[in-house]
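For the sequence shown, counting from 1, position 378 maps to 377 in the working numbering; every step adds exactly one.
Ideal placement from N, C-alpha and C gives every residue a C-beta, glycine not left out.
Structure, as structure tokens:
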Amino acid sequence: MQPILTASQIKALDAYTIAHEPIVSIDLMERACRAFVAWFTERFNNSFTVGIVCGTGNNGGDGLGIARLLKEWGYPVRVWLVKGGAPESIDFKINLDRLKHLGGVQIDEITAAPECSIFSDEDILIDAIFGTGLSRPVEGVYTDVIACMNTARGTRVAVDLPSGFMADEPTTGPSVEARYTVSFQLPKLAFFFPSSFQYVGEWAVVDISLNKAFIRQAQTSHFFMDRNTARSLLRRRSKFDHKGNFGHALLVAGSLGKMGAAVLSARATLRSGVGLLTVHTPQAGISIVQTAVPEAMLSIDGHASVFAGAVQPERYTTIGIGPGLGKAPETVKAFHKLLENFPHPMVIDADALNILGENRELLHLVPKGSILTPHPKEFERLVGPWQNDFERLEKQKGLAAQLQSVVVLKGAFTSIAAPDGKTFFNPTGNPGMATGGSGDVLTGILTGLLAQRYDTLEGALLGVYLHGFAGDLGAWEKGMDSLIASDIVEFLSGAFARLGG
Ligand SMILES: NC(=O)C1=CN([C@@H]2O[C@H](COP(=O)(O)OP(=O)(O)OC[C@H]3O[C@@H](n4cnc5c(N)ncnc54)[C@H](O)[C@@H]3O)[C@@H](O)[C@H]2O)[C@H](O)CC1
Ligand SMILES: [K+]
């Protein structure tokens, strides 16, 4: 699990590394430059012309070091120094001397609004004006240069952060809009937000060996999930286990015309290792579920087309509720009753969340330790609108604390907020999974894990990881465009096997 630190914590980490390890500041910068160049040379060969736009702080120093290394690799390199009032750092000056000493690289200064045509010969523009030192929105000549970079034909690659982009607060001023961002050591919080994609593009983190002990003990409530953590959460079965050890899940899902949601969830629950599964279905779903999911038992509702009746809560370890449920008045009543009678953690999704959003007085009945899995629209119905993604994150944490439950906000980098405020971003998954039924599969996985008495947070972290991983395996095999939710179920076994193997 990687902690996500703020820009000022990263500055402290930088200083700590220099103070406690046998490395001086300029050599640390050289490491950063080499790590960037290793990433760069893997993707772009030296037939591309490269323009490097540098500030005068350490991010600019990186840019100058990168210019020298790329020149040595045979790239046609040109450098612009943007001088808009920011002070010149010591390492910037050292790298400027080193670049001049190498020779063969044209270096021009920009002190006033340039003609944007200055960048027109460059196939690639490396952005090294500002990094984590940015403390306020850019203005003046910086704004002019950034505007020219954003309209230039070259592919923009940002060093550490796009210039003008804030790592820990909403970006309100102009910023470079990068196609790629190569960031040092740790991902920055804002990288995980949908609104940042416009600026950050695809991002990669390169290791520059900053002090690991400092990173481990740093105070943060934000983490980036990884494969090792997911692997460590997965329980192994033992020889004498029997189906009673793996719980009995109830899925309350599906209504007339939406029984597919129940089928997808049910299959995913079964593929996630549950001992026994019962599906509560209206009359309309009986033969559908019995045929499509023969492993599942049925709890049959008296109503023809929607969830309206009572279930026997004492029989079940957990309940997953919501996919394809609809919001009929009878369903609202039946859900209310279920919430009053079921004491164990539940997985609450889709229309069950919409019912909670429209009847917020029911929220206090959500059993502690439950998992809620809204997508952004469902989340907005629960908590109201937000101004920006930082505020959205705070609302997510707030809901998790209020309900003493885990709130999983679905999207690219699905975030998982625990009641104590810790939030985890998930690395797996792909845009092929933006397809109907994908969420129903997640509900099934989480229900399967909670039935096996996984701790709520651990189950949520593992389940979200596996769901994305199965989607990735499916996309590799079938392509993102034609991926469907059933494929995610199909590849779930592979995801479990690879993670556990
Ligand atoms: N920590 C690491 O892992 C390493 C980081 N490196 C690189 O260094 C930058 C951070 O460098 P720093 O000198 O602190 O800041 P910047 O270069 O981002 O900014 C320069 C300077 O500009 C001033 N300033 C801030 N905001 C504005 C503004 N809106 N307008 C004008 N001037 C502004 C302020 O004084 C800043 O200090 C990091 O991103 C990495 O790229 C190292 O190379 C090694 C390891
Ligand atoms: K930058």
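Residue i beta carbon near ligand 2 (any heavy atom closer than 6 Å)
{"i": "G130", "result": "yes"}
{"i": "L80", "result": "no"}
{"i": "L160", "result": "yes"}
{"i": "D126", "result": "yes"}
{"i": "N149", "result": "no"}
{"i": "A157", "result": "yes"}
{"i": "N58", "result": "yes"}
Among the options, nearest to residue i - alpha-carbon criterion
{"i": "V251", "options": "F164, Q1 and I299", "result": "I299"}
{"i": "I125", "options": "A85, G54 and G368", "result": "G54"}
{"i": "P366", "options": "G256, D90, F341 and G356", "result": "F341"}
{"i": "I25", "options": "G60, R42 and S46", "result": "G60"}
{"i": "D419", "options": "K242, H221, S492 and P169", "result": "H221"}
{"i": "L209", "options": "I117, L27, T48 and T170", "result": "L27"}
{"i": "R236", "options": "L352, V52, G272 and I318", "result": "G272"}
{"i": "V49", "options": "I354, A127 and I89", "result": "A127"}
{"i": "P281", "options": "T330, G500, P173 and L338", "result": "T330"}
{"i": "G246", "options": "R230, T316 and P293", "result": "T316"}
{"i": "G500", "options": "E176, R234, H374 and A166", "result": "R234"}
{"i": "D225", "options": "L98, L461, F490 and F213", "result": "L461"}
{"i": "E121", "options": "A66, A151 and L338", "result": "A151"}
{"i": "G243", "options": "K396, R314, T434 and V181", "result": "R314"}
{"i": "P293", "options": "V262, G308 and L63", "result": "V262"}
{"i": "L449", "options": "L232, I51 and V199", "result": "L232"}
{"i": "P75", "options": "I370, T372, R97 and V104", "result": "V104"}
{"i": "R270", "options": "C32, N57 and Q451", "result": "Q451"}
{"i": "G447", "options": "I370, G478, F412 and S174", "result": "I370"}
{"i": "K82", "options": "I106, E71, L68 and L98", "result": "I106"}
{"i": "D159", "options": "C115, C32, G139 and A229", "result": "C32"}
{"i": "V181", "options": "H374, N353, F35 and E393", "result": "F35"}
{"i": "E138", "options": "C115, G84 and A166", "result": "G84"}
{"i": "G130", "options": "W202, M258, A6 and I318", "result": "A6"}
{"i": "A229", "options": "G467, E20 and N94", "result": "G467"}
{"i": "M258", "options": "A291, K238, H241 and L275", "result": "A291"}
{"i": "V204", "options": "E20, Q403 and F39", "result": "F39"}
{"i": "I51", "options": "Q311, S119, P21 and L364", "result": "S119"}
{"i": "F423", "options": "I123, W385, W72 and V463", "result": "V463"}
Residue i: CB within 6 Å of a non-hydrogen atom of ligand 1
{"i": "S88", "result": "yes"}
{"i": "Q8", "result": "no"}
{"i": "N227", "result": "no"}
{"i": "S134", "result": "yes"}
{"i": "N94", "result": "no"}
{"i": "L27", "result": "yes"}
{"i": "V181", "result": "no"}
{"i": "Q1", "result": "no"}
{"i": "D167", "result": "no"}
{"i": "D143", "result": "no"}
{"i": "D13", "result": "yes"}
{"i": "Q105", "result": "no"}
{"i": "V205", "result": "no"}
{"i": "I137", "result": "According to the sequence as given, residue 137 is Val; it is not Ile. The answer is yes for V137."}
{"i": "A31", "result": "yes"}
{"i": "Q218", "result": "no"}
{"i": "A212", "result": "no"}
{"i": "Q401", "result": "no"}
{"i": "A85", "result": "yes"}
{"i": "Q184", "result": "yes"}
{"i": "D486", "result": "no"}
{"i": "D439", "result": "no"}
{"i": "D61", "result": "yes"}
Per DSSP, the bridge partner or partners of residue i
{"i": "M2", "result": "What sits at residue 2 in the sequence shown is Pro, not Met. Its beta-bridge partners are F222."}
{"i": "W202", "result": "T180"}
{"i": "M345", "result": "I318"}
{"i": "G50", "result": "R77 and L124"}
{"i": "L371", "result": "I347 and V406"}
{"i": "I109", "result": "V81"}
Short CB-CB distance (under 7 Å) between residue i and chain C
{"i": "A252", "result": "The displayed structure is made up of one protein chain only, and chain C is not part of it."}
Cβ-heavy atom distance, residue i to ligand 4, below 6 Å
{"i": "A112", "result": "What this structure holds is ligand 1 and ligand 2, not ligand 4."}
Q: Note down, one range per segment and in chain order, each alpha helix (DSSP H) of at least 4 residues found wholly within the region 224-261.
A: 226-232
Q: Please specify which runs of the alpha helix (DSSP H), each continuous and at least 4 residues long, are wholly inside the region 114-180, giving them in chain order.
A: 140-150
Q: Only counting runs of 4 or more residues, tell me where the alpha helix (DSSP H) segments fall wholly within the region 56-107, in order along the chain.
A: 57-71 and 89-101
Q.
In chain order, what are the residue ranges of uninterrupted beta strand (DSSP E) at least 3 long that sit wholly in the region 270-321?
A. If we require 3 residues or more, the beta strand (DSSP E) runs fully inside the region 270-321 come out as 275-280, 296-299 and 317-320.
Q.
Threshold first: 4 residues or longer. Then list the alpha helix (DSSP H) segments lying entirely within the region 408-463, N to C.
A. 437-450
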